[in-house]
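Presented below is the structure to which this report refers.
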């Protein structure tokens with residue numbers, strides 16, 4: 282398995298503590314409330330369109346976060362090796 286694949290496989294494990302935190306729970310509840318308020322004024326078709334948009338946006342942001350995480354870990358490893366080699 283490549284280093285990048287291994288890092289990506291561990292991404293969720295690395296975030297597990299945050300996902301279980303009170304801060305994340307509070308933010309998620311706030312997001313859910315705002316979405317409910319927004320959906321209350323929409324037709325069924327508009328709700329489906331909004332859901333499709335949110336799914337696509339989530340996919341894009343998740344990919345960005347994953348890539349940023351991988352690059353951060355790889356750069357951190359490279360920096361550590363550079364520092365310890367001196």
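In this note's numbering, the protein residues as written are 282 to 367. Beta carbons: idealized from backbone N, C-alpha and C, even for Gly. No experiment lies behind these values; they were computed from the predicted model shown.
Answer yes if the segment 334-353 comes into contact with the segment 289-309, meaning at least three C-beta pairs across the two stretches below 8 Å, and no otherwise.
-> In short, these stretches touch, since the Cβ pair count reaches three.
Which class does residue 356 belong to by DSSP, given the choice of helix, strand or coil?
-> In the chain shown, the residue the question calls residue 356 occupies position 75. The answer is helix: DSSP assigns residue 356 an H, G or I state.
Could you tell me how far apart the beta carbons of residue 320 and residue 335 are, in whole angstroms, since I believe they sit closer than 8 Å?
-> Sequence index remark: in the chain shown, residue 320 carries index 39 (1-based). Sequence index remark: in the chain shown, residue 335 carries index 54 (1-based). Residue 320 to residue 335, Cβ: 10 Å. No contact.
To which residues of the same chain is residue 323 closer than 8 Å at the C-beta, ignoring the five residues directly before and after it?
-> Numbered from its first residue, the chain shown carries residue 323 at position 42. Excluding positions up to five away in sequence, the list reads 331.
Given a cut-off of 8 Å, decide if residue 288 and residue 351 are closer than it, judged by their beta-carbon atoms.
-> Within the chain shown, numbered from 1, the residue matching residue 351 stands at position 70. Within the chain shown, numbered from 1, the residue matching residue 288 stands at position 7. Contact: yes.
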